[in-house]
Every structure is written in structure tokens, then in C-alpha cells.
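J.: Before I ask anything, let me first share the structure, which is written out below as C-alpha cells.
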Amino acid sequence: MTSPKKPFVLIILDGFGHREATAHNPTRTAATPTLDALFTTHPHLFIEASGEAVGLPRGQMGNSEVGHLHIGAGRKVPQDLVQINNDIATKKFFTNPTLQNAIETAKKNNSAIHTIGLWSHGGVHSHENHINAMLKMIDQHDITQNYFHAITDGRDTPPKSVNFSSLTHGKIISVIGRYYAMDRDNRSERTQQAVDLLKGHAKYTANTAENAIQMAYARGETDEFISPTLITCDQPIAIKPNDVVIMMNFRADRARQLTRALLSFSLSALVTLTEYFEDTRLQVAYPQLKLENTLGAVLSNAGLTQLRLAETEKYAHVTYFFNGGVEMPNKNEDRLLIPSPKVATYDLQPEMSAIAVTDALVNAIQNKQYDVIICNYANPDMIGHTGDEKAAEKSLIVIDACLKRVLDALEKTDGTALITADHGNIEQMFDEKTGQPHTAHTTNLVPLIYVGKPVKIAAKIGALDDVAPTMLHLMGLAIPIDMTGKILFQ
């Protein structure tokens, strides 16, 4: 029989950044007595979660994938966005063997190449510069059927900001909002609409992509929610058997469902810019770098038990991304998925599944089954993305009540906690520059709060890659040489 555990809980408040100003800042205006007490009475500091601190270009907002990767890795991890940017600048991108092979396959079969990706300058899931480079590369090989299926953003960019004026190569043959084409919550009805569009079927048609956008705005849609629209002057162009498809999102989580659907299209080649999931039918332009000794692996090698807990929207982040892009759980690593609510947008249910997540977390703490519990609360990020300030306040009130329950359970079990975030979002709900709701992530610092036996703050500022070494130090475990982050509490 195993002895009872004194659990160490790492809580990630997804999208909870720090901003002093109160205007349009629910973290300041919502009634959150538990969080207020934590910031008043517990050791804490604010740490970097964007830009070069998380392997991104300077000034680039952080995101959930990169954030969880760095929390789990304990070191700076250069990101795909930076590598691909550099490869385009040095022309190395245009000699990428996987991309070259896909183009040669299309040439050999006299078939079309369909490039699919999020047309965005946000740099979270994709970048329009990468798509432009891909379409240019195809043009350089004299492929006449060089088609682009545009996915519009409005989530990591202002809600009405899509602009195709910088698209200099290829031909746009369809437009669709990311709400449909980039679902990650197993909403098959959304993904199916994207699949139907790629097969040449849609309710709406337009003569140009610009016309499609204006029609969508006239229907009351913003970029994220643009209905599937075929761009056609005579007849629609669909993906046909033997065609080549290139998926240009560099972030995996919101590209997986559509990519899996494309596996049934009888293509001569299906290329993904980065590794979305393991499947021999996929050709990957930028294979994933393997990270050794992530936090989960270190805990496992020390013989400790761990639980990963999140609702659907963030499940991949506390598992796959937290483990350095490894799908397989570590030894003694259990995982618990709480279904996210089936609503059109989360401002309609701002509590999401936080209460059910908390029920599971409190139960795991009280049962003393796990040495470590890593739990994500999705609300601040997912509600922040809606741009609905009142819903954001409601979500934080719920989260605050949930944290009270968790802290009470930890006190009764002599447990310890670190509370942090992966990036900012909910602390900025309005964009004064655009006059629109602010739906994107921010470059703000995020909190790191310690709950447990007395410690001293060891630094004035830190970064997400300092969380894992700090946690291992607090647990009395050796920090592997791979982890270059510093200790923030001791």
C-alpha cells in the first residue's frame, strides 16, 4: 500500500496576465477575494511569458502552446515561428526537401497544389509571411494550379482586420473563419463545414476574397466566424484525388482535426509545416526537436506519481505540449479530461467546466493519491478571446471561488501550490487603437504565486522556464542540467 501524498499542485490560469490599469481589465474589476488575498499575503512575483523569453521574436505575444512548453521544459526553446522566419530570410526555406518533394510530386502528376492556412499576422498559429513564401515557391516551379484556401483569424488579430493586399502569389479559391476550420474541441459539425468547402460545396460564393469578406461583414460576421465561402467566377475549384495539400499552420493543436479529415482525400501528398501528430501518411517540413528531461519526465524518473487535469480546450496543453511535444504519458502519469461545454462561444457559459475541473482537483488532493497535480483552468483565455468584458468578469468570479476550494483542500492535506499563467489575455479586453474588443493575447507579465511553507523570493523577475526548476527545488529534487531556468523561491 502506498503512503498518503502531500500533493504539490501546479495551477495554470490560462490567459491570466498582469496589468496595473483598471480600464477594461476584469482582473482588477471582478470581485476576486481569494486572488486578492493571494497577492496580498503570499510570496509572488511577475514573470515573462512572451517574446524572446519564450523563444519567440521580440515583442511577439505568448500563447498557450509555447507557454506550457516552457513551463514544462525549464529552458528556452526556440520556436518554429523564429526558425521559419529565419529560413525565409536566408532563402533556406525555398530548398526545404519536404516542400521541394511535394512540388515535384505535383509536377509529375500534373496536379494542383492546395495551400491551406490561417492568413494572419498574429504569429500564434501561423504567419501570412510563411504562406506568401510557400505560394511564391510554388510559382517559382511554374505550377499553374497554385491555390490558396484562406482561413481568417479575428482572434489573435482584431475582429475585423483581415487584409489580403499583401498576398502576391497563388489564387484564393475559398475563405472560411477559424471557428470552423480550426476547431480543436471535437466539434465535428464545424470541421465538416471546412471539409465540404474543400470539396467545393458551400452556401456562399463570391467573385473575390475581398468581396467574400465584405459579404460576411454585412451578415454580421467577424473574421473568426466567416461562413465557408467559395471564390469562383465560373465554377468552384475543389481538392481532387491525386492533388497535393500543404498545411501551413506551424502550431499543431488547431490544425489536427482538419488534417485528419484530409487523410481520406486520396491525395498524392499531404504536407504539414510542423509535426501535428504521428502518422506515416504525413510529410513534415519541420520535424519536431526532442526535449529530454522535461518536468514530467524528471518527476517520473524520481518515482513520483502525477496527474494532468484540464477541460477539453486545454487538455493537449497540460499533456502533449507540457511534455515537450510527446503524446505518450510518462510512467505514473495519469490524465483526466473534463469535457468543455458544448456552446457556440464561451461568453454564453463563462464558467465553462471550471467547477467540474475543481471537483476533480479537490478530490485528487483529498485522496492523497498523487505527488504532483498539474491543472489548467481555461476560462481566462477562452473568455478573453470572446471580447465580452462582462462574461470575463463572471469567469474570474467563478475561478476565484474554485481557487478558494483548492486552497482549503491543500491546507487540510499540508499541500503546496504554485499558481501561474501561460500568457496574458483577459487583463486587456478593449483595444483603444482599433476601437474594437481586444480578443488577442498580450505581452504582459504573468503571476507566479507560492502557497506553502515559508520561502524567500530569490529574484525580482523571472520567466516561464523558471517554473520547473523552482518547483523541483521546492520539492527537494535535483534539477537536471538540461533545465537552464533559475530558482525563483527558496
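Taking my numbering, the leading residue of the sequence shown gets 1346, the next gets one more, and so forth. We put the CB at the ideal spot given by N, CA and C, even for glycine.
1. Tell me the rounded alpha-carbon separation between V1589 and N1556.
2. Could you check what DSSP says for K1831 in three-state terms: helix, strand or coil?
3. Contact between the segment 1670-1682 and the segment 1742-1750 is defined here as three or more beta-carbon pairs at a separation below 8 Å; is this criterion met?
4. Please give the ranges of any beta strand (DSSP E) in the segment 1700-1765, keeping only runs that are unbroken, at least 3 residues long and fully inside the region.
5. Taking three-plus beta-carbon pairs below 8 Å as touching, is the segment 1404-1417 in contact with the segment 1654-1669?
6. Does the Cβ of M1482 have 16 or more other Cβ atoms within 10 Å, making it buried, or fewer, making it exposed?
7. On the CB-based measure, 16 or more other CB atoms within 10 Å of its CB, does M1346 come out buried or exposed?
8. Please state if the CB of Q1628 and the CB of V1616 are separated by a distance shorter than 8 Å.
9. Give the DSSP-derived three-state secondary structure of T1574 in the structure shown.
10. Specify the secondary structure class of A1606 as computed by DSSP and reduced to three states.
11. Name the residue from P1388, A1583 and A1630 whose alpha carbon lies nearest to the alpha carbon of Q1445.
12. Would you kindly check if the distance between the Cβ of M1774 and the Cβ of P1371 is under 8 Å?
13. Could you have a look at E1410 and say whether DSSP puts it in helix, strand or coil?
14. Note the first and the last residue of the continuous beta strand (DSSP E) segment covering V1629.
15. With respect to the beta strand (DSSP E) encompassing Y1549, which residues constitute its N-terminal and C-terminal limits?
16. Find the nearest neighbour of N1789 within the set A1398, A1375, F1353 and M1673, judged by alpha-carbon distance.
17. In this structure, how does DSSP classify P1371 when only helix, strand and coil are distinguished?
18. According to the Cβ coordinates, are T1650 and Q1714 closer than 8 Å?
19. Kindly examine the ligand PLP and report whether one of its heavy atoms sits closer than 7 Å to the Cβ of C1747.
20. Would you kindly check if the distance between the Cβ of N1770 and the Cβ of G1404 is under 8 Å?
21. Can you tell me whether Y1562 is helix, strand or coil according to DSSP?
22. Locate the beta strand (DSSP E) running through R1680, then write down its first and last residues.
23. Looking at the secondary structure, which residues open and close the beta strand (DSSP E) in which F1384 lies?
24. Just curious, the alpha helix (DSSP H) that L1652 is in, first and last residue?
25. Please list the terminal residues of the continuous alpha helix (DSSP H) segment that includes N1646.
26. May I ask you to report which of helix, strand or coil DSSP gives G1669?
27. With C-beta atoms as the reference, is L1793 less than 8 Å away from T1761?
28. If you run the structure through DSSP and keep just helix, strand and coil, what is K1516?
29. Comparing alpha-carbon positions, which option in I1718, P1825, E1410 and Y1562 lies nearest G1468?
30. Indicate the three-state DSSP secondary structure (helix, strand or coil) for Y1795 in the structure shown.
31. Beta-carbon within less than 7 Å of A1850's beta-carbon, same chain only, minus the 5 sequence neighbours each way: which residues are those?
32. Pull up the CB-CB distance for P1388 and I1683, whole angstroms please, since I reckon it's below 8 Å.
33. Express the C-alpha separation of F1439 and L1480 in angstroms, rounding to a whole number.
34. Can you find the residues in the same chain that come closer than 6 Å, C-beta to C-beta, to T1567, ignoring five residues on each side of it along the sequence?
T.: Taking the geometry as given:
1. 27 Å
2. coil
3. no
4. 1717-1722 and 1761-1765
5. The segment 1404-1417, when compared against the segment 1654-1669, does touch it at the 8 Å Cβ threshold.
6. buried
7. With a pLDDT of only 43 at M1346, under 50, the local geometry of the prediction cannot be trusted, and no value is derived from it.
8. yes
9. strand
10. helix
11. A1630
12. yes
13. helix
14. V1629: member of the beta strand (DSSP E) spanning L1627 to Y1631, first to last residue.
15. Y1549 to A1551
16. A1398
17. Helix at P1371.
18. yes
19. The ligand PLP is not part of the structure shown, which contains no ligands of any sort.
20. no
21. helix
22. Note, R1680: beta strand (DSSP E), E1678 to I1683.
23. No beta strand (DSSP E) contains F1384, which is instead part of the alpha helix (DSSP H) from P1378 to T1386.
24. From DSSP, L1652 is part of no alpha helix (DSSP H) but of the beta strand (DSSP E) over Q1651 to E1656.
25. L1640 to N1646
26. DSSP, read as helix, strand or coil, puts G1669 in coil.
27. No, the Cβ-Cβ distance between L1793 and T1761 is not below 8 Å.
28. The answer is strand: DSSP assigns K1516 an E or B state.
29. For G1468, the nearest C-alpha among the options comes from E1410.
30. Collapsing the DSSP output to three states places Y1795 in a strand.
31. With the chain represented from 1346 up to 1835, any question about residue 1850 goes unanswered, as that position is not in the structure.
32. Not quite, the Cβ-Cβ distance comes to about 30 Å (not below 8 Å), so this is no contact.
33. 11 Å
34. G1499, P1504 and K1505
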